[in-house]
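In what follows, a structure is listed as structure tokens, so that the remarks can point back to it.
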Amino acid sequence: MADQKALTTRAQDFSAWYNEVIMRAELADYSPVRGCMVIRPNGYAIWEQMQRALDDMFKELGVQNAYFPLLIPQSFFSKEAQHIDGFAPELAIVTHGGGKELEEPLVIRPTSETIIYSMYAKWIQSYRDLPMLMNQWCNVLRWEMRTRLFLRTAEFLWQEGHTAHVDEADAERFALEILKVYRRFAEEWMAMPVLTGRKTDSERFAGALRTYCIEGLMQDNKALQAGTTHNLGQNFAKAFQVTFQSDQGTLEYVWNTSWGVSTRLVGALVMTHGDDAGIITPPRLAQYQCVIVPIYKSDAERVTVLEAAERILRELRQGGVRTHLDKRDGLKPGAKYYEWEGRGVPLRLEVGPRDVAAGQVMLARRTGGAKSPLPTAGLARALQTEMDVMQAALLEAARVRREQHSIRGITKASFLEFLEGDGGFAYGGWCGDAACEATIKEETKATIRCLPDEEFRSPEAPRSCMWCDRPAVTEAVWARAY
RNA sequence: CGGGGCGUAGCGCAGUCCGGUAGCGCGCCUGCUUUGGGAGCAGGAGGUCCCGGGUUCGAAUCCCGGCGCCCCGACCA
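Here it is, written out as structure tokens:
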């Protein structure tokens, strides 16, 4: 470890803490190129776990993976008016290749709707070809003005799903199906509770009919958009002539959806569960769920202890626990404890001569509490239980924290007071006027994170807009956001 | 793009005001002793002082001009 000093605490400076945690855990590093980051093995391992889980869920819905090119003809972007308006400012464009100026500049994809639907136009002829359900795992590039490790980098990794359907109802159904997947992933894998809902028109994806999202609340009480899914309507189908012949023999435009989550989720994980010692990785996403630290003095002890540790390692791996044995010599056990805590490993087993003699190990949990002895026999099963408990506890703790920092039935006055304090999710009535929404954003820096789904709405529907007192058309959730 | 900060060893920094042998802590290498919550001692390696010009016998330091990065805001996954 490069740095032995204590981290800046979350209370002192959340932003400094966040950066230090990432460096300490060796999740990522700054690259020579502004706004770009290197994802180091510890960070990439988390992303791989995320990919695996999400990919399985997509495939259960019948989605297939494919790969589309990095470079997109510039003209493709002007085919859908809102889309070009939304993305033009942040495009990176390749103008030269092989030492010659290109006839048509090529855009490095910021997202792939245009190229994918241009291909769908070739592949879809009949309603029998629908739905067409594809996803790709790739990198994209957006020339962001200000960047932050994982949360907003110029280049980032993500998955983008793109589907085509026979009618609006099927597209809508599928977009919402994906929203459920995202929510399930956030809660069951990341242990991160999220609100689900619809974005207002001003926050909608450029080119979409409707955008739905999952929103998490970080420990500094700022909201983070963690995933979006869009019903694109027929906007792209019309721009790229994606048509099919219906069972009635008529020629129709398809209805599209697109949806994505990115490496931003790694940042979300840090900000949801990290503490002043570093990150806490939920067991289901941890690269190593358990690390074994051997303890010995003499050479004789070393042999005995390592032999026992190796045996435990084998048994745990066989029992499905992702385990690492830290055999490094010359590092005191305490130094290893600090290192693995910083890296967020959920469980740590200490194995010393006394433990070997007693047929036990000492278990320490990343989430705290006293160390406790566990018999070596049946250890894998015991640790699985420990991890289930920890996974559930992390989700519950995050949920409690979010609810403690949520306020309902706000008025303009109570809303302002709430923002003056710690902030968080503020539920209240909204008139539906984009001008009112913009004023609120300008004056408070808070935005409507979503128009929450039924499940998250307040028992009593608000009757008036919390800001302007005109009749409310819906309930909205405001927060300051990343 | 506005505001702030910073560029000196792998990392964190002092030295810059007031020009004169390039330093400290951590890390790294070797050896010995250590190892149940961040080990100790000894020896050692490691530098275009961000870049370019200028002033000077002499520049990390003074002058001029660039570049880069980080943080805070406006825009966004």
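The opening position of the first sequence corresponds to residue 11 in our numbering, with each subsequent residue numbered one higher.
We put the CB at the ideal spot given by N, CA and C, even for glycine.
With residue i as the anchor, note down where its alpha helix (DSSP H) starts and where it stops.
{"i": "Ser424", "result": "Lys422 to Glu430"}
{"i": "Phe250", "result": "Asn245 to Phe250"}
{"i": "Arg274", "result": "Arg274 to His283"}
{"i": "Ile56", "result": "Pro51 to Glu70"}
{"i": "Val366", "result": "Pro363 to Ala368"}
{"i": "Tyr492", "result": "Where Tyr492 is concerned, there is no enclosing alpha helix (DSSP H), given that its DSSP letter is neither H nor E."}
{"i": "Thr395", "result": "Leu389 to Gln414"}
{"i": "Ala131", "result": "Glu123 to Trp133"}
{"i": "Gln258", "result": "Segment: none, Gln258 is in no alpha helix (DSSP H) and carries neither H nor E."}
{"i": "Ala201", "result": "Ala201 -> no alpha helix (DSSP H), and no H or E assigned at all."}
{"i": "Thr163", "result": "Segment: none, Thr163 is in no alpha helix (DSSP H) and carries neither H nor E."}
Considering only the alpha carbon of each residue, which of the options lies closest to residue i?
{"i": "Pro472", "options": "Gln22, Cys478, Ala35 and Ala482", "result": "Ala482"}
{"i": "Thr173", "options": "Phe160, Tyr130, Leu143 and Ala236", "result": "Leu143"}
{"i": "Cys148", "options": "Val371, Phe466, Phe68 and Glu170", "result": "Glu170"}
{"i": "Thr206", "options": "Lys190, Glu198 and Arg418", "result": "Lys190"}
{"i": "Lys248", "options": "Gly217, Lys451, Gly226 and Gly259", "result": "Gly217"}
{"i": "Thr105", "options": "Leu359, Pro115 and Tyr28", "result": "Pro115"}
{"i": "Gln401", "options": "Ala98, Arg62, Gln135 and Ala201", "result": "Ala201"}
{"i": "Val355", "options": "Met397, Gly340 and Ala91", "result": "Met397"}
{"i": "Glu320", "options": "Gln297, Ala98, Thr121 and Val371", "result": "Val371"}
{"i": "Ile188", "options": "Met67, Met129 and Gln255", "result": "Met67"}
{"i": "Arg183", "options": "Ser268, Leu426, Arg158 and Thr386", "result": "Ser268"}
{"i": "Gly433", "options": "Lys232, Ile94, Pro469 and Tyr192", "result": "Lys232"}
{"i": "Pro203", "options": "Ala131, Gln394 and Ala407", "result": "Ala407"}
{"i": "Leu295", "options": "Arg409, Glu311, Tyr54 and Arg162", "result": "Tyr54"}
{"i": "Val361", "options": "Thr377, Ala380 and Leu384", "result": "Leu384"}
{"i": "Leu71", "options": "Pro141, Pro79 and Pro99", "result": "Pro141"}
{"i": "Trp153", "options": "Glu58, Gln146 and Glu165", "result": "Glu165"}
{"i": "Ile103", "options": "Gln84, Asp95 and Glu90", "result": "Gln84"}
{"i": "Asn52", "options": "Gly329, Gln394 and Gln299", "result": "Gln299"}
{"i": "Ala491", "options": "Leu389, Gly109, Asp479 and Thr454", "result": "Thr454"}
{"i": "Thr377", "options": "Ala392, Leu357, Ala390 and Leu81", "result": "Leu357"}
{"i": "Gln92", "options": "Val117, Leu242 and Val313", "result": "Leu242"}
{"i": "Tyr222", "options": "Ser212, Gln229 and Gly369", "result": "Ser212"}
So the beta strand (DSSP E) residue i belongs to, where does it begin and stop?
{"i": "Pro304", "result": "Cys300 to Pro304"}
{"i": "Gln297", "result": "No beta strand (DSSP E) holds Gln297; DSSP gives it neither H nor E."}
{"i": "Met155", "result": "First-last for Met155: undefined, no H or E at that position."}
{"i": "Cys475", "result": "No beta strand (DSSP E) contains Cys475, which DSSP labels as neither H nor E."}
{"i": "Leu384", "result": "Ser382 to Pro385"}
{"i": "Ala489", "result": "Thr484 to Ala489"}
{"i": "Thr221", "result": "Arg220 to Leu227"}
{"i": "Ala26", "result": "Ala26 -> not in any beta strand (DSSP E); alpha helix (DSSP H) instead, spanning Phe24 to Arg34."}
{"i": "Leu335", "result": "Thr333 to Leu335"}
{"i": "Ala38", "result": "Ala38 to Tyr40"}
Within 10 angstroms of the Cβ of residue i, are there 16 or more other Cβ atoms? Answer buried if so, exposed if not.
{"i": "Ala489", "result": "buried"}
{"i": "Glu113", "result": "exposed"}
{"i": "Ala12", "result": "Low per-residue confidence applies at Ala12: pLDDT is 35, beneath 50, and the placement is therefore not dependable enough to give any value."}
{"i": "Lys209", "result": "buried"}
{"i": "Tyr77", "result": "exposed"}
{"i": "Ser382", "result": "exposed"}
{"i": "Thr260", "result": "exposed"}
{"i": "Glu30", "result": "buried"}
{"i": "Asn75", "result": "exposed"}
{"i": "Arg138", "result": "exposed"}
{"i": "Gly288", "result": "buried"}
{"i": "Asp23", "result": "exposed"}
{"i": "Ser10", "result": "The question about residue 10 has no answer, for the chain in this structure spans 11 to 492."}
{"i": "Thr163", "result": "buried"}
{"i": "Glu100", "result": "exposed"}
{"i": "Ser25", "result": "exposed"}
{"i": "Asn237", "result": "According to the sequence shown, residue 237 is Gly rather than Asn. It is buried - the Cβ of Gly237 has at least 16 other Cβ atoms within 10 Å."}
Quickly, what does DSSP pair residue i with across the bridge? List them, please.
{"i": "Ala345", "result": "DSSP, once it has assigned bridges, lists no residue as partnering Ala345."}
{"i": "Ser268", "result": "His172 and His240"}
{"i": "Arg375", "result": "Leu357"}
{"i": "Asn75", "result": "Asn145"}
{"i": "Trp440", "result": "Thr484"}
{"i": "Pro462", "result": "Gly207"}
{"i": "Gly288", "result": "Asp285"}
{"i": "Phe195", "result": "Paired residue(s): none; Phe195 is not in a bridge."}
{"i": "Leu140", "result": "Note: Leu140 sits in no beta bridge, so no partner."}
{"i": "Val313", "result": "None, per the DSSP bridge assignment."}
{"i": "Val150", "result": "Phe166"}
{"i": "Leu501", "result": "Residue 501 is absent from the structure shown; the chain starts at 11 and stops at 492."}
{"i": "Ile450", "result": "None; Ile450 has no bridge partner."}
With hydrogens ignored, establish whether the beta-carbon of residue i is closer than 7 angstroms to any heavy atom of the ligand SAH.
{"i": "Phe78", "result": "The ligand SAH is not among the ligands present in this structure, which contains no ligands whatsoever."}
- Whole runs of the beta strand (DSSP E) within the stretch 77-121, excluding any shorter than 3 residues: 81-83, 102-107 and 110-118
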